[in-house]
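For reference, the structure is listed below as structure tokens.
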Amino acid sequence: MSKKIHGGSVVEMQGDEMTRVIWELIKEKLIFPYVDLDLHSYDLGIEHRDATNDKVTVEAAEAIKKYHVGIKCATITPDEKRVEEFKLKQMWKSPNGTIRNILGGTVFREAIICKNIPRLVSGWVKPIVIGRHAYGDQYRATDFVVPGPGKVEMTYTPGDGGKPVTYLVHNFESCGGVAMGMFNLDQSIKDFAHSSFQMALSKGWPLYMSTKNTILKRYDGRFKDIFQEIYDREYKSQFEAKKIWYEHRLIDDMVAQALKSEGGFVWACKNYDGDVQSDSVAQGYGSLGMMTSVLICPDGKTVEAEAAHGTVTRHYRMHQKGQETSTNPIASIFAWTRGLAHRAKLDNNTSLKTFAAALEEVCIETIESGFMTKDLAACIKGLPNVTRSDYLNTFEFMDKLAENLKGKLASLPKL
Numbered sequence: 001m002s003k004k005i006h007g008g009s010v011v012e013m014q015g016d017e018m019t020r021v022i023w024e025l026i027k028e029k030l031i032f033p034y035v036d037l038d039l040h041s042y043d044l045g046i047e048h049r050d051a052t053n054d055k056v057t058v059e060a061a062e063a064i065k066k067y068h069v070g071i072k073c074a075t076i077t078p079d080e081k082r083v084e085e086f087k088l089k090q091m092w093k094s095p096n097g098t099i100r101n102i103l104g105g106t107v108f109r110e111a112i113i114c115k116n117i118p119r120l121v122s123g124w125v126k127p128i129v130i131g132r133h134a135y136g137d138q139y140r141a142t143d144f145v146v147p148g149p150g151k152v153e154m155t156y157t158p159g160d161g162g163k164p165v166t167y168l169v170h171n172f173e174s175c176g177g178v179a180m181g182m183f184n185l186d187q188s189i190k191d192f193a194h195s196s197f198q199m200a201l202s203k204g205w206p207l208y209m210s211t212k213n214t215i216l217k218r219y220d221g222r223f224k225d226i227f228q229e230i231y232d233r234e235y236k237s238q239f240e241a242k243k244i245w246y247e248h249r250l251i252d253d254m255v256a257q258a259l260k261s262e263g264g265f266v267w268a269c270k271n272y273d274g275d276v277q278s279d280s281v282a283q284g285y286g287s288l289g290m291m292t293s294v295l296i297c298p299d300g301k302t303v304e305a306e307a308a309h310g311t312v313t314r315h316y317r318m319h320q321k322g323q324e325t326s327t328n329p330i331a332s333i334f335a336w337t338r339g340l341a342h343r344a345k346l347d348n349n350t351s352l353k354t355f356a357a358a359l360e361e362v363c364i365e366t367i368e369s370g371f372m373t374k375d376l377a378a379c380i381k382g383l384p385n386v387t388r389s390d391y392l393n394t395f396e397f398m399d400k401l402a403e404n405l406k407g408k409l410a411s412l413p414k415l
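The numbering used here numbers the first residue of the sequence shown as 1 and each following residue consecutively.
Here's what the structure looks like:
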């Protein structure tokens, strides 16, 4: 490459702990030497979120709406221990949840497959793409501790001034307990359906949508009915032309079917189910560190890519003490590549598209040639059998990726 690629506008969100360290290395070694970006940076580190009363998270989401591409590092969602550790003003909500609720859309996760990384579920020879509805349900619920005996009721007050309707949730007779009210929106479910059908068509794979409508007859039944109506009206003929199909499945049946399958399908999950199953499926393919995560918004233009794992606290504690770590950066790198690939698609930027694809290929080729982090070496040999010669440390692996990327880009036609 003789000169840098012009990459356009991208919203970058910095994160926490070991992933924040890796994030800076990715930019320094793999992105900035080759791509000139109009970068809009937001510090979503826990201290800065606390200092701004979490306004920075909302500002980042609004910027993604404006520029259509967000690339996010893993962040801490504080619990009681984290509130104490960082002396936080309050237990701030998940930044991922805040951003998803502002943007709407569907989070799609897909395994990054390397030939030499054995799969925990050996029958999965093709990826499973999990679409997680990124709005509402438990993530925007109102929950509380019921302090003692009494009634918990839900009331719907019509906006047109009609007569309110009250539903009894539970009559707490002898003691208190807990209660929760949650919701979703027809429009959000419709957007979820469209995103899921479009993803299945783009992959050429069947789509399954799972609920527990036998128990939540009206709540989950609404998801089932909306998906079916949209499929029959807008997508059925397109699916049949590609010889693929759509089916609704009960969540428990779907989990069992997924384990028995060979992969090669899109699985549309409600918000909580998608949160759980995406990690389960990632581990089934070998590693949580080998999973792409992309939020696709209803407008078809706006995308937010992120690492699908946490902030790797244990490694960060070692790093702070000056001890060696071997932290897998692949999911964080793929957050950058998927974000840049979408920027390239929006701008019809062939050079940027080629660069993003080349960086993904380098990641996979480097691992398949035997250079990897400790977690991947453990997938191959089993952790007790791993010796220091089997893996590279965090910085060595990043240097190896940088070396291989430089070589690959030099071998490509002029970008």
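Cβ coordinates follow ideal geometry from the N, Cα and C atoms, glycine included. All values derive from a computational prediction rather than experimental measurement.
Nonlocal neighbours in the same chain, by C-beta distance under 7 Å from residue i, ignoring five residues either side
| i | result |
| --- | --- |
| L30 | I333, L359, L401, A402 and L405 |
| K126 | E262, G263 and G264 |
| T373 | S326, T327, N328, Y391, L392 and F397 |
| I251 | S210, T211, K212 and D273 |
| K270 | H133, D137, T211 and F223 |
| D43 | Q14 and V56 |
| V121 | L259 and G284 |
| M318 | T325 |
Contacts around residue i, its chain only, beta-carbon distance under 8 Å, and the 5 residues preceding and following it disregarded
| i | result |
| --- | --- |
| M254 | Y208, S210 and W267 |
| T98 | D54, T57, V58 and A61 |
| I102 | V58, A61, E62 and K65 |
| P78 | I46, F86, L88, M91 and W92 |
Straight-line gap, residue i to residue j (C-alpha atoms, nearest Å)
| i | j | result |
| --- | --- | --- |
| L383 | L376 | 9 Å |
| I367 | G264 | 23 Å |
| L424 | H170 | An answer regarding residue 424 cannot be provided, because it is not within the stretch 1 to 415 covered by the chain. |
| P118 | V386 | 15 Å |
| I189 | G300 | 15 Å |
| I226 | S389 | 54 Å |
| G181 | K224 | 20 Å |
| T157 | F183 | 15 Å |
| V294 | V11 | 14 Å |
| V281 | V35 | 33 Å |
| G131 | E47 | 31 Å |
| L288 | V276 | 12 Å |
| P413 | S369 | 24 Å |
| Q323 | L37 | 34 Å |
| K151 | V178 | 12 Å |
| R20 | H194 | 34 Å |
| R49 | C379 | 36 Å |
| F371 | E84 | 39 Å |
| V452 | G221 | Limits of the chain in this structure are 1 at one end and 415 at the other, which puts residue 452 out of reach. |
| Q187 | I230 | 12 Å |
| K4 | P33 | 7 Å |
Beta strand (DSSP E) segment containing residue i, residue limits
| i | result |
| --- | --- |
| R249 | Y246 to L250 |
| I130 | I128 to H133 |
| V11 | I5 to Q14 |
| V303 | V303 to A307 |
| M107 | The question names Met, yet the displayed sequence has Val at residue 107. Residues T106 to A111. |
Host alpha helix (DSSP H) of residue i (start-end)
| i | result |
| --- | --- |
| W23 | E17 to I26 |
| M290 | Premise fails: M290 is in no alpha helix (DSSP H) and is neither H nor E. |
| F32 | First-last for F32: undefined, no H or E at that position. |
| Y67 | K55 to Y67 |
| G322 | Where G322 is concerned, there is no enclosing alpha helix (DSSP H), given that its DSSP letter is neither H nor E. |
| E396 | T394 to S411 |
| A241 | K236 to A241 |
| T98 | P95 to L103 |
| K81 | E80 to F86 |
| I226 | Y219 to I230 |
| R49 | I46 to A51 |
Residue environment, residue i, which counts as buried when at least 16 other CB atoms sit within 10 Å
| i | result |
| --- | --- |
| Y235 | buried |
| Y167 | exposed |
| R314 | exposed |
| V145 | exposed |
| S41 | exposed |
| V202 | Per the sequence presented here, residue 202 reads as Ser, with Val not at that position. So S202 ends up on the exposed side. |
| P164 | exposed |
| N116 | exposed |
| M154 | exposed |
| H309 | buried |
| I348 | For the record, residue 348 in the displayed sequence is Asn; it is not Ile. Under this definition N348 is an exposed residue. |
| P149 | exposed |
Same chain, Cβ closer than 6 Å to residue i, neighbours up to 5 away in sequence not counted
| i | result |
| --- | --- |
| A335 | I71, A305, E306 and A307 |
| P206 | I244, W245 and F265 |
| Y316 | E17 and M18 |
| G123 | E262 |
| P147 | G176 |
| A200 | L207 and V266 |
| A356 | T337, L340 and A341 |
For a minimum of 4 consecutive residues, which ranges assigned as the alpha helix (DSSP H) are wholly contained in the segment 328-383?
330-347, 350-368 and 374-381
Can you check the segment 262-287 for any alpha helix (DSSP H) of at least 4 residues that lies completely inside it and give the ranges in chain order?
271-284
With a floor of 4 residues, list each alpha helix (DSSP H) that falls wholly inside the segment 141-215, ordered by position along the chain.
186-203
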